């Protein structure tokens with residue numbers, strides 16, 4: 298079961314109390330205080346494990362608590378430290394304070410182990426309080442209490458490209474075609490109920506991550522449909538790919554504008570991400586019809602068609618990967634990065650799409666390094 302949000306209470310262990318004890322032994326006169334210190338309480342750590350992709354293991358666990366430290370004992374024996382507890386989460390998990398809504402931790406690196414709550418310090422035994430004026434102290438310190446926090450864990454998938462589109466526009470079909478993911482694909486809307494993540498291989502040595510979320514419909518920002526609940530999974534993406542269905546009963550301009558509006562209503566930051574447009578299901582039309590529909594779409598959104606993917610075709614490395622004279626229109630960078638008619642079923646221009654997306658991901662990464 299895919300679980301991407303969990304409310305849970307976390308507590309570190311209490312420190313053990315110090316001991317009040319006096320050395321009493323045959324032939325030892327006035328042995329003095331010998332109470333040992335209490336052990337430190339256990340800590341709470343978050344551990345990022347790439348082998349997990351959901352928070353389902355934490356569902357139903359209302360309270361996770363580290364072990365308390367053991368009290369000190371006589372003969373200057375220290376109490377045992379409490380055992381710490383590791384909370385294992387997938388990469389992309391945020392730890393949010395339920396009271397303030399503040400993001401306390403953002404866990405994205407594989408193998409990361411972060412101290413979240415420190416256990417209480419153990420109390421000092423009475424042997425520490427012996428002095429010239431008080432040679433028989435009869436008190437010791439109690440251990441300090443642990444820390445308790447009520448938090449919400451939210452999983453936001455880490456991907457380079459996020460797919461956005463209406464239901465049944467072909468997102469799951471595309472990700473099943475060009476990645477190793479195997480999402481459920483059917484001919485009815487809202488087939489995808491949970492996000493899917495896949496690796497797109499580009500050539501022999503390069504790859505990037507692609508995320509598919511349930512379809513977005515008009516009014517998603519107001520809570521309609523399933524897309525709003527899962528839009529957080531593409532917040533971390535560097536590039537968005539808007540999928541517009543050429544064979545849908547909705548006009549392509551309407552689909553395109555609705556997606557942009559819903560993205561902006563959800564997050565202004567997400568709406569400013571660079572994005573490309575893939576016109577799906579072009580195998581339903583002839584080449585001339587596809588070109589005509591593409592030019593009409595560009596005209597409707599106020600853009601003019603330029604030469605077909607000239608930037609990519611100039612690179613001979615891409616010459617054998619499906620770029621054709623008949624499909625695809627490059628656009629100004631201030632607008633969609635590209636508009637590319639594709640067919641996931643017939644694999645038309647899917648290879649071109651791989652390299653187009655990879656090209657822009659590299660460009661975004663370079664810009665981030667400069668900044």
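In my numbering, the protein residues as written are 298 to 668.
Note that CB positions come from ideal geometry on N, CA and C, so glycine has one too.
As the structure is a prediction and not an experimental result, all values here were calculated from the model.
Check	Outcome
Distance, residue 575 Cα to residue 387 Cα	30 angstroms
Bridge-paired residues (DSSP) for residue 494	508
Residue 591, buried or exposed, once every other Cβ within 10 Å from all chains shown has been counted against 16	buried
Coarse secondary structure for residue 426, derived from DSSP in three states	helix
Cβ pair count under 8 angstroms reaching 3, the segment 578-591 against the segment 537-557	yes
Span separating the alpha-carbon of residue 550 from that of residue 646	22 angstroms
C-beta contact flag for residue 474 and residue 583 at 8 angstroms	no
Best match in 408, 354, 420 and 450 for proximity to residue 400 [C-alpha to C-alpha]	450
Spatially closest choice to residue 352 from 303, 410 and 599, by CA coordinates	303
Cβ contact check for the segment 457-464 and the segment 489-506: 3 or more pairs under 8 angstroms	yes
Own chain, CB closer than 6 angstroms to residue 613, minus 5 neighbours either side, in chain order	Since pLDDT at residue 613 reaches only 45, below the 50 mark, its modelled position is unreliable, and no value is offered.
contact_flag[the segment 337-345, the segment 318-326] where n(CB pairs < 8 angstroms) is 3 or more	no
For residue 368, the nearest candidate out of 440, 531 and 565 (CA to CA)	440
Those runs of the beta strand (DSSP E) which lie wholly inside the segment 377-415 and span at least 3 residues	382-386, 390-394, 400-404 and 410-414
Three-state class that DSSP yields for residue 565 in the structure shown	helix
Same chain, Cβ closer than 8 angstroms to residue 532, five either side skipped, listed in chain order	453, 564, 566 and 567
Residue 534, buried or exposed, once every other Cβ within 10 Å from all chains shown has been counted against 16	buried
Between the CA atoms of residue 408 and residue 429 - distance to the nearest angstrom	52 angstroms
Best match in 318, 466, 349 and 655 for proximity to residue 500 [C-alpha to C-alpha]	655
Beta carbon proximity, residue 554 to chain D, threshold 8 angstroms	The chain inventory of the structure shown lacks chain D, comprising one protein chain alone.
Of the listed residues 560, 539 and 530, nearest to residue 391 (C-alpha basis)	530
Same chain only: Cβ atoms within 6 angstroms of residue 410, ignoring 5 sequence neighbours per side	342 and 344
DSSP state of residue 318 mapped onto helix, strand, coil	coil
Rounded C-alpha distance that separates residue 663 from residue 310	45 angstroms
Classification of residue 307 by the beta-carbon crowding that lies within 10 angstroms, buried from 16 upward	buried
Unbroken alpha helix (DSSP H) run spanning residue 642, endpoints	Taken as a continuous stretch (DSSP letters only), residue 642 belongs to no alpha helix (DSSP H), as it is neither H nor E.
Spatial neighbours of residue 389 in its chain, beta-carbon cut-off 7 angstroms, leaving aside the 5 residues before and after	405, 452, 453, 454, 455 and 533
For residue 468, the first and last residue of its enclosing alpha helix (DSSP H)	468-475
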